[in-house]
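Novice: The structure follows.
Protein chains in written order, with the working numbering: chain G, -19 to 296; chain A, -19 to 296.
Below, the structure written as structure tokens:
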């Protein structure tokens, strides 16, 4: 095989109460990468489509490029030469794990192209390296769900301990991306370094409730637990009409609604595709009422992670 | 029926990472209460056995007394007259939910004696009233598991939201009570009101991991998640030889070990009765090495809550 095209899913990190520890993947949107083997060693970005020229083309500054480079170095295959074509299919700086999806797609693709020398779970550190370039720190809450699919808990960073949680089949996600931009570094900068013990206890209760709600499954418990008393109150001020869009989601039957990652995208979870569609329309309307256009995406929780679109997948 | 004797189980609150939100009941020890109906209205404490005269005999200052009084007032049965004999079968101020067990035993007993006018779940607020007298605040993390049995999450206090989590059948608890005393109010007073965001994230990861570990079940995950970076480092200084006793538990195969409630008792969880017994002996030895005697209790997680020992249980 000398060429492969891989899709990796967008992700919702934090998921209301689980700052830095929860994330899940969605079926739509996502990023697409095509790798083509070439004789000359080295990783080269030949084209990026859909980024309006904003992403770095230099391999060592590009999330997918650096992830692939780090991977090849680890498996002692710096003799490998690949050309990368990246198709960005979601907005940058959106809070939907755009950089993570590119990074995961890249690492997954090169591993498949080489006949899968490493099991999927072992790819995480290389995808995280790509994430480090994009956000300044190697977070796993977008990369892990994009790579593994489903809902994940990052129980610990040192050592890295990622747990996959089963989710109910009829849980649908609405993602709404208002056409404004929030820089991940800024979104992190405005957070306070200290949390009251009282709010820590409330947040822990919701973290426990959400995991129990997902695993049982118990939709009412999921709904009651989708509450963030620590991060959302601070970051919501970066998103115009946040409260109105959230209220519109809840009024239209969403189980819960909060910021996706560091924003400005917002996510809502609902019990059916129909409710999730209605929730999306209502949220878009809330943004539009102050002149902000937006994109809405509705899909199930993605359980698969990356998938090969063109080229041969290594049998698992 | 004019007399009933009820046992209510001791409990481990906090359970390492879950300060104020986690608690579980054990089969042993526990408290025992006997209620005897009498013609004259009013709640009267006729005897308390096993407290060395330290608990208040005045009904409105006794946890079981106040819980029963609050309950009777709520169901408009202040015409009822009962004599209470309380058999304390565990040390006071031990961190094993001594006051909660008395309170729960009392409320459960009066509700059964009257033919169960309220379902068990509805008894929680009255038992919490008893707890308020003992500890200064109406916490539920001892009362709820003592009343409901099993492992519970207090997801929220306002409104009260208690969730029961299934636990693996072969999970055994070791409770070791060193013969020293820690006042619950002191143990709370030394806690800081602020937590670093970093430690909040670590703790949330462990909270999520412990719930997932219990529900899966996954003993390794339970073990990795039984970590408390917020409360234990502060409260451990109140317990001489805490670090040595904890290390002895882990060295002897415990999945995890931490402070039970606000201490000074310590709990450990293990995968078998045999390991739990060995862990208990090793912890007692650690305390004894500095001249501190202790009691050790080994039992499964209690799944039943209170039980009627003498008298007729209302069919459920």
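Here a beta-carbon is modelled for each residue, glycine too, at the ideal position from N, C-alpha and C.
1. For residue 61 of chain G versus residue 18 of chain G, is the C-beta distance shorter than 8 Å?
2. Round the Cβ separation of residue 158 of chain A and residue 244 of chain A to the nearest angstrom and send it over; I've been treating them as touching at under 8 Å.
3. Can you list, in chain order, the residues of its chain with a C-beta nearer than 8 Å to that of residue 255 of chain A? Leave out the 5 residues immediately preceding and following it.
4. Pop quiz: residue 145 of chain A and residue 191 of chain A are said to be a contact at Cβ under 8 Å. What is the actual Cβ separation, rounded to whole angstroms?
5. What number of angstroms, rounded off, separates the C-alpha of residue 22 of chain G from the C-alpha of residue 257 of chain A?
6. Identify the contact partners of residue 156 of chain A in chain G, using a Cβ-Cβ distance below 7 Å as the criterion.
7. Scan the region 254 to 283 of chain G for residues whose Cβ lies nearer than 8 Å to a Cβ of chain A and list them as they occur along the chain.
8. Of all the residues that make up the region 171 to 185 of chain A, which are near chain G by a beta-carbon distance shorter than 9 Å?
9. 8 Å is my cut-off, CB to CB: does residue 242 of chain A come that close to chain G?
10. Which of helix, strand or coil does DSSP assign to residue 58 of chain G?
11. Closest by CA to residue 237 of chain G, which one among G:-8, G:218, G:31 and G:295?
12. May I ask you to list the residues that DSSP assigns as paired with residue 137 of chain A?
13. Can you find a CB in chain A that lies within less than 8 Å of the CB of residue 135 of chain G?
14. Quick check on the DSSP output: the alpha helix (DSSP H) that includes residue 200 of chain G runs from which residue to which?
15. Can you look up residue 10 of chain A in the DSSP assignment and give me helix, strand or coil?
16. Is the CB-CB distance between residue 331 of chain A and residue 140 of chain A below 8 Å?
17. Going by C-alpha to C-alpha distance, which of A:-2, A:-15, A:1 and A:7 sits closest to residue 253 of chain A?
18. Just to confirm, are residue 123 of chain A and residue 80 of chain A a CB contact at a threshold of 8 Å?
19. On the three-state DSSP scale, how would you describe residue 25 of chain A?
20. Of all the beta strand (DSSP E) runs that stay within the bounds of the region 188 to 260 of chain A, which reach a length of 3 or more residues?
21. Under three-state DSSP, which class holds residue 284 of chain A?
22. Name, in chain order, the residues that DSSP records as bridge partners for residue -7 of chain G.
23. Is residue 68 of chain A buried or exposed, if buried means 16 or more other CB atoms sit within 10 Å of its CB?
24. In its own chain, which residues sit with a C-beta less than 6 Å from the C-beta of residue 276 of chain G, not counting the 5 before and 5 after it?
25. Check whether the region -3 to 4 of chain A touches the region 106 to 124 of chain G, taking contact to mean three or more Cβ pairs, one atom from each stretch, closer than 8 Å.
26. Under 8 Å between C-beta atoms, does residue -1 of chain A make it to chain G?
27. Once DSSP output is grouped into helix, strand and coil, what is the label at residue 87 of chain G?
28. Cutting at 7 Å between CB atoms, please list the residues of its own chain near residue 44 of chain A, excluding the five before and the five after it.
29. CB residue 104 of chain G to CB residue 120 of chain G, shorter than 8 Å?
30. According to DSSP, simplified to helix, strand and coil, what is residue 145 of chain G?
31. Mind checking the region 124 to 154 of chain G against chain A and listing, in chain order, the residues whose C-beta falls within less than 7 Å of any C-beta there?
32. How is the beta strand (DSSP E) around residue 176 of chain A delimited, first residue to last?
33. Quick check: is the beta carbon of residue 204 of chain A nearer than 8 Å to any beta carbon in chain G?
34. Considering only C-alpha positions, which residue in the set A:-18, A:147 and A:224 is nearest to residue 268 of chain A?
35. For residue 149 of chain A, count neighbouring Cβ atoms within 10 angstroms of its own Cβ and tell me buried if that reaches 16, exposed if not.
36. According to the Cβ coordinates, are residue 93 of chain G and residue 15 of chain G closer than 8 Å?
Specialist: In short:
1. In the first chain, residue 61 of chain G corresponds to position 81, counting from 1. In the first chain, residue 18 of chain G corresponds to position 38, counting from 1. Judged by their CB atoms, residue 61 of chain G and residue 18 of chain G are nearer to each other than the 8 Å cut-off.
2. By 1-based counting over the second chain, the position of residue 158 of chain A is 178. By 1-based counting over the second chain, the position of residue 244 of chain A is 264. Residue 244 of chain A and residue 158 of chain A do touch by the CB rule: their CB atoms are close to 5 Å apart, below 8 Å.
3. The residue given as residue 255 of chain A occupies position 275 in the second chain. Once the five neighbours on either side are set aside, the close Cβ partners of residue 255 of chain A are 152, 232, 233 and 234.
4. Residue 145 of chain A sits at position 165 when you count from the first residue of the second chain. Residue 191 of chain A sits at position 211 when you count from the first residue of the second chain. Contact flag correct, Cβ pair sits at about 6 Å.
5. On the first chain, position 42 is the one that residue 22 of chain G refers to. On the second chain, position 277 is the one that residue 257 of chain A refers to. The straight-line gap from Cα to Cα measures roughly 60 Å.
6. Taking the second chain and counting its residues from 1, one reaches residue 156 of chain A at position 176. Result: empty, since nearest Cβ-Cβ is about 26 Å, beyond 7 Å.
7. Those would be none; no residue qualifies.
8. Under the 9 Å Cβ criterion, the region 171 to 185 of chain A contributes 171, 172, 173, 174, 175, 176, 177, 178, 179, 180, 181, 182, 183, 184 and 185.
9. Residue numbering aside, residue 242 of chain A sits at position 262 when the second chain is read from its first letter. By this cut-off, residue 242 of chain A is not an interface position.
10. Position 78 of the first chain, counting from 1, holds the residue named residue 58 of chain G. Residue 58 of chain G falls in the coil class under three-state DSSP.
11. If you number the first chain from 1, residue 237 of chain G lands on position 257. Measuring C-alpha to C-alpha distances from residue 237 of chain G to each of G:-8, G:218, G:31 and G:295 identifies G:-8 as the nearest.
12. Within the second chain, the letter at position 157 stands for residue 137 of chain A. Answer is A:140, bridged to residue 137 of chain A.
13. Numbered from 1 along the first chain, position 155 holds the residue referred to as residue 135 of chain G. Chain A, which has a Cβ nearer than 8 Å to the Cβ of residue 135 of chain G, makes this yes.
14. In the first chain, the residue the question calls residue 200 of chain G occupies position 220. Unbroken alpha helix (DSSP H) run through residue 200 of chain G: 199 to 205.
15. For the purposes of this step, residue 10 of chain A is identified with residue 30 of the second chain, where counting begins at 1. Here residue 10 of chain A sits in strand by DSSP.
16. Within the shown structure, residues of chain A are numbered from -19 to 296, placing residue 331 of chain A beyond reach of any answer.
17. Taking the second chain and counting its residues from 1, one reaches residue 253 of chain A at position 273. The shortest C-alpha separation from residue 253 of chain A is found at A:7.
18. To locate residue 123 of chain A, count along the second chain from 1; it is residue 143. To locate residue 80 of chain A, count along the second chain from 1; it is residue 100. Against a cut-off of 8 Å, the Cβ pair of residue 80 of chain A and residue 123 of chain A comes out as a contact.
19. Your numbering for residue 25 of chain A matches position 45 in the second chain. Here residue 25 of chain A sits in strand by DSSP.
20. Within the region 188 to 260 of chain A, the runs of beta strand (DSSP E) that reach at least 3 residues and sit entirely inside it are, in chain order, 236 to 239 and 246 to 250.
21. Numbered from 1 along the second chain, position 304 holds the residue referred to as residue 284 of chain A. Of the three classes helix, strand and coil, the one that applies to residue 284 of chain A here is coil, per DSSP.
22. Residue numbering aside, residue -7 of chain G sits at position 13 when the first chain is read from its first letter. Answer is G:3.
23. Position 88 of the second chain, counted from the first residue, corresponds to residue 68 of chain A. Buried, because 16 or more other Cβ atoms sit within 10 Å of the Cβ of residue 68 of chain A.
24. Along the first chain, one-based indexing puts residue 276 of chain G at 296. Cβ within range, chain order: 156, 260 and 264.
25. Taking 8 Å as the limit for Cβ pairs, the verdict is that the region 106 to 124 of chain G does not touch the region -3 to 4 of chain A.
26. Position 19 of the second chain, counted from the start, is the residue given in the question as residue -1 of chain A. At least one chain G Cβ lies under 8 Å of residue -1 of chain A.
27. By 1-based counting over the first chain, the position of residue 87 of chain G is 107. In this structure, residue 87 of chain G counts as helix in the three-state DSSP scheme.
28. Here residue 44 of chain A refers to the residue found at position 64 of the second chain. So the qualifying residues of the chain are 13, 64, 66, 82, 83, 85, 86 and 110.
29. Here residue 104 of chain G corresponds to residue number 124 of the first chain, with the count starting at 1. Here residue 120 of chain G corresponds to residue number 140 of the first chain, with the count starting at 1. Yes, they are a contact pair.
30. Within the first chain, the letter at position 165 stands for residue 145 of chain G. In the structure shown, residue 145 of chain G adopts extended strand secondary structure according to DSSP, grouped into three states.
31. The region 124 to 154 of chain G vs chain A, Cβ under 7 Å: 133, 134, 135, 136, 141, 143 and 145.
32. Walking along the second chain from the start, residue 176 of chain A turns up at place 196. Note, residue 176 of chain A: beta strand (DSSP E), 174 to 176.
33. Taking the first residue of the second chain as 1, we reach residue 204 of chain A at position 224. Interface flag for residue 204 of chain A against chain G is set, since a Cβ pair is found closer than 8 Å.
34. One-based indexing of the second chain puts residue 268 of chain A at position 288. Relative to the Cα of residue 268 of chain A, the nearest Cα in the group A:-18, A:147 and A:224 belongs to A:224.
35. Indexing the second chain from 1 puts residue 149 of chain A at position 169. The residue in question, residue 149 of chain A, is exposed, as its Cβ has fewer than 16 Cβ neighbours within 10 Å.
36. The residue given as residue 93 of chain G occupies position 113 in the first chain. The residue given as residue 15 of chain G occupies position 35 in the first chain. Yes, these two residues count as a Cβ contact at 8 Å.
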